[in-house]
Every structure is written in structure tokens, then in C-alpha cells.
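Trainee: Dropping the structure in here first, questions after.
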Amino acid sequence: MSVYVTNSYVIAAYTEVARRAITASAHNYSTVRSNNSRRLAVWLWLFGSTHCSTRNGVKKRGKTRLPIHLINIGLHQATRLGLRWEDKQKVQRQPVKRRALLLINPRARRGDQARRQVWQELTHQGFELLEESAEIPERLPTLIQNHRERIDLVIVGGGDGTVNAAIEGLLETRLPLGVLPLGTANNLARSLGIPSSLIDACRVIAQGTLQPIDLGWVNGEYFFNVAGIGLSTQINRTVPKGLKRRWGVIAYILTALRLILQQPRFEAEITCGHQVLSVRTYQITICNGRYYGSGLMVAADAAINDSRLDLCSFEMQPWWTAISVLPALSQGKFTEGRGVRTLHGPEITIRTRRPYPIDTDGEVVTQTPATFRVIPQAIQVFAPHATGNLPSL
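Take 305 as the starting number for the sequence shown in my numbering and just add one per residue.
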């Protein structure tokens with residue numbers, strides 16, 4: 305069976321065949337089919353051209369005699385390739401679900417309330433979640449290593465101590481970290497610029513930028529944010545857990561006021577670069593990040609990716625003179641000679657006459673004598689800022 309069709313229709317039909325075939329070929333979709341379709345398109349064009357010009361040797365005006373099955377074959381082939389290419393593009397445009405190991409500490413200050421909210425928001429953001437409890441922080445490295453082949457990142461919800469417990473597993477697997485601030489001080493989240501709102505923190509993980517950050521190291525123990533000797537260690541050991549969950553930072557302040565009346569200054573020798581200093585102090589704080597305590601700033605220009613440690617030694621005498629330096633403590637801008645000594649460097653050594661306990665990220669892990677080092681760009685973390693040193697909120 306043959307039909308007469310207008311030349312413009314034939315030209316349009318052949319053009320569509322060729323366009324779809326060439327488009328499919330250009331995008332490397334099914335090379336064999338593309339080449340075959342292109343050959344078919346050329347053949348149909350030539351076949352049609354001969355019938356556009358003559359019929360029984362007589363030129364026809366605007367008419368073409370073309371077997372209808374050839375028209376159907378050409379258009380069907382072109383449509384099939386075009387639709388398949390469009391389907392493939394739709395598949396490619398669909399976001400790939402990221403597989404995350406979710407570790408939430410139910411004992412964290414906001415742990416019980418946060419789990420359902422976090423789960424809903426992260427799944428809404430396109431994550432495929434595998435959940436394990438972080439109630440026993442010591443198990444986190446093993447959990448991370450056991451799931452390493454089934455996940456793309458690790459999300460830890462808890463306080464600074466809970467997130468610290470994941471370090472060994474993260475270093476072993478090289479998996480990136482997402483942080484959900486569920487603790488009391490959440491100084492790591494502050495140093496990273498992660499908002500305290502759980503919804504916003506989840507969005508940082510989903511939409512933020514992976515940034516390499518430094519780790520602190522002391523006597524073989526890693527820490528994200530801060531290590532302390534003196535008053536901070538006694539506070540972390542003494543503050544009641546129930547009071548901490550209920551009152552948060554206020555519990556630390558009340559405990560500090562009670563202990564500072566009882567604790568005398570201690571003697572220490574600090575070595576930082578070429579400097580060797582002998583001090584009598586209430587507290588020595590060594591920060592890898594920017595914040596410590598209840599949001600105090602160690603230095604105005606400190607950052608968790610600046611490849612240095614920042615030390616503060618609180619030597620004021622009597623202790624209540626610390627009230628006069630409270631504005632400086634909140635801004636990290638200290639004036640030498642007012643009872644606060646600051647040092648900066650990649651390695652710091654501290655010796656004391658007798659062993660003093662050292663806490664890292666809120667947990668007592670070692671004692672003096674101690675050598676502190678910075679490990680540059682050790683872990684990848686999701687943060688809201690893309691360039692430069694990570695700023696604070």
C-alpha cells in the first residue's frame with residue numbers, strides 16, 4: 305500500500321527521524337541503535353527524495369508517493385529512540401540516595417526527643433538510613449567499621465563526647481561525618497558553624513559542603529575540639545548527669561563556682577616552639593577548635609582547620625578577678641598581664657610535678673606529662689561554609 309503525502313510532511317518526518325537518531329548518538333545512548341537509526345534515516349530521506357521528484361517520469365507538484373509502512377517504520381524507530389533517551393535522562397536526573405549510618409545517643413540532653421525528628425528530616429532530604437544506638441560510645445568505632453561497605457557517610461547525634469567516640473572509626477574507614485548537636489555545650493558544632501536547630505543541622509548534612517578539618521592529639525588520644533587540665537577536669541568528673549540534662553550549661557557554671565573555691569592553683573611547665581614557661585594556674589585549655597566551656601572563645605582567629613593549637617592558661621589571683629576578663633573570654637581577645645596567658649603552635653608539651661588528669665571533649669582520657677599535636681585535615685565533615693577557615697555562628 306502506498307499513499308501520497310505532501311513534500312513538507314515527508315521532509316518534516318525525515319528531519320525528525322534524523323534529529324532523534326543523531327541526538328541519541330550524540331549522547332552516546334545505545335551506539336548500535338543510534339548508528340542503525342541514522343542509516344535508516346538517510347535511506348528514508350534518499351528514498352523519499354526520489355519519489356518527491358517524479359512519478360512515472362512526470363514531476364508532481366508537492367506530492368510524494370511513499371509506502372506507508374516505511375513512514376511508520378521510520379517514525380516508530382525515531383520515536384522509540386527518542387522516548388528511550390528521555391527515559392534515560394529522567395533516571396539520570398533522579399537524585400541518588402545517600403546511605404548513612406545514623407548514631408544517636410539516647411542519653412544526650414536532647415537525644416530522646418530528637419530521634420524521630422531527625423529520621424523524618426533526613427529521609428525527606430533523600431537519605432537511606434541505617435540506624436544503630438550510640439548509647440555506649442565505646443562501640444562506635446566497631447559499628448562504623450562493621451557497616452563501612454554499606455554506607456556513604458556517618459551521622460552522629462549527641463554531645464561532644466559522643467562525637468569524639470567515633471573518631472577512630474572515621475579515621476579507619478575515611479568516611480565523612482555529619483554532626484547533630486544534641487548535647488549540652490556542643491562546642492564542636494559551634495566551631496563548625498552548625499546551627500543548633502536540628503532541622504537546620506540536618507539540612508547542613510544534606511546540602512552543606514564537605515570540609516577537611518584538623519584533629520587534636522594528646523598521648524595517643526584524639527580529640528575534635530578541646531583538651532583541659534585543672535578545673536575543667538574536676539568539673540567534668542563532678543557535675544551530676546541529672547543536673548546536666550536538666551539545666552545544661554547552668555549545671556557546669558554552678559559546679560565551677562563550687563569547685564573554684566576549693567581548688568588551688570597548680571604548677572606546670574609549658575613548652576611551645578622555642579618558649580619554655582613555668583606557670584601557676586587554675587586551668588590550662590588547649591583547643592583545636594574555636595570554642596570551649598559554655599561557648600567561650602579561645603582566640604578571635606581560631607578555627608578548626610587552621611593547622612594549629614591554641615592554649616589558654618588562667619592564672620588570675622585571686623580567682624574573682626576573672627570577672628573582669630569575662631568579656632575577653634567570650635570574644636577570645638585577651639590582654640597579656642591580666643591573668644590569662646595565650647600560646648599558639650602545632651605542638652605543645654606540658655609537665656607537672658605530679659600527674660594531673662586530662663579531659664578531651666569532656667571525657668577524662670589521659671594524664672600529664674603530655675604532648676599535644678595538631679593533625680591537619682584528618683577528617684571530612686559536613687559544614688555550611690564552603691571556603692576559608694570555618695567561621696563561627
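All residues carry an ideal CB built from backbone N, CA and C; glycine is no exception.
From the DSSP output, in three-state form, read off Ala489 for me.
Mentor: Three-state result, Ala489: coil.
Trainee: Starting from Leu581, trace the alpha helix (DSSP H) in both directions and tell me its first and last residue.
Mentor: Unbroken run through Leu581 is the beta strand (DSSP E), 579 to 585; no alpha helix (DSSP H).
Trainee: What residues are listed by DSSP as bridge partners for Ala258?
Mentor: Nothing about residue 258 can be reported from this structure: the residues present for the chain run from 305 to 697 only.
Trainee: Run through DSSP, which three-state label would Pro680 get?
Mentor: Strand at Pro680.
Trainee: Rounded to whole angstroms, what is the Cα-Cα separation between Pro410 and Ala438?
Mentor: Taking the straight line joining both Cα atoms gives about 7 Å.
Trainee: In three-state terms, what does DSSP make of Glu667?
Mentor: Strand at Glu667.
Trainee: Considering Pro516, what are the terminal residues of the beta strand (DSSP E) in which it resides?
Mentor: Pro516 -> beta strand (DSSP E) spans 513 to 522.
Trainee: Who are the near neighbours of Pro688 in its chain, counting only those whose CB is closer than 6 Å to its CB and skipping five residues on each side?
Mentor: Excluding residues within five positions, the ones whose Cβ falls inside 6 Å are Gly497, Val508, Gly512.
Trainee: Taking all protein chains shown into account, decide if Thr646 is buried (16 or more other Cβ within 10 angstroms of its Cβ) or exposed.
Mentor: When all chains shown are included, Thr646 counts as exposed.
Trainee: Name, in chain order, the residues that DSSP records as bridge partners for Gly649.
Mentor: Paired residues: Leu613.
Trainee: Given this structure, state the Cα-to-Cα distance separating Ile539 from Leu581, to the nearest angstrom.
Mentor: Cα to Cα, the separation comes out at about 26 Å.
Trainee: Where do the N-terminal and C-terminal ends of the alpha helix (DSSP H) with Gly532 fall, by residue?
Mentor: It is not in any alpha helix (DSSP H) - Gly532 instead sits in the beta strand (DSSP E) that spans 530 to 534.
Trainee: Considering only C-alpha positions, which residue in the set Ile533, Gly597, Asp605 is nearest to Ala572?
Mentor: Residue Ile533 is the option with its Cα nearest to Ala572.
Trainee: When the distance is taken between beta carbons, is Asn592 closer than 8 Å to Phe686?
Mentor: Taking 8 Å as the Cβ cut-off, Phe686 and Asn592 do not qualify as a contacting pair.
Trainee: Which term fits Ser524, buried or exposed, when burial requires 16 or more other beta carbons within 10 angstroms of its beta carbon?
Mentor: It should be noted that the sequence gives Gly, not Ser, for residue 524. Gly524 comes out exposed.
Trainee: Specify, as a first and last residue, the run of the alpha helix (DSSP H) that Ile498 falls within.
Mentor: Here Ile498 belongs to no alpha helix (DSSP H), and DSSP marks it neither H nor E.
Trainee: Does the region 471 to 480 come into contact with the region 654 to 661, if we say contact requires no fewer than three beta-carbon pairs (one atom in each stretch) closer than 8 Å?
Mentor: The region 471 to 480 vs the region 654 to 661: no contact.
Trainee: Quick check on this structure: which residue in Thr575, Ala682, Ile683, Tyr596 has the alpha carbon closest to the alpha carbon of Arg655?
Mentor: The candidate whose alpha carbon is nearest that of Arg655 is Thr575.
Trainee: If you count every other CB in all the chains shown that lies within 10 Å of the CB of Asn468, and 16 or more means buried, which is it?
Mentor: Per the 10 Å Cβ criterion, buried.
Trainee: Spell out the partners DSSP gives Ala572 in its beta bridges.
Mentor: Bridge partners of Ala572: Val583, Thr656.
Trainee: Grab the span of the alpha helix (DSSP H) containing Glu476 for me, first residue to last.
Mentor: Note, Glu476: alpha helix (DSSP H), 471 to 477.
Trainee: Do Leu407 and Leu444 have their CB atoms nearer than 8 Å?
Mentor: For Leu407 and Leu444, yes; Cβs fall inside 8 Å.
Trainee: Would you report the Cα separation of Arg402 and Ala418, rounded to the nearest angstrom?
Mentor: Answer to the nearest angstrom: the Cα atoms are 21 Å apart.
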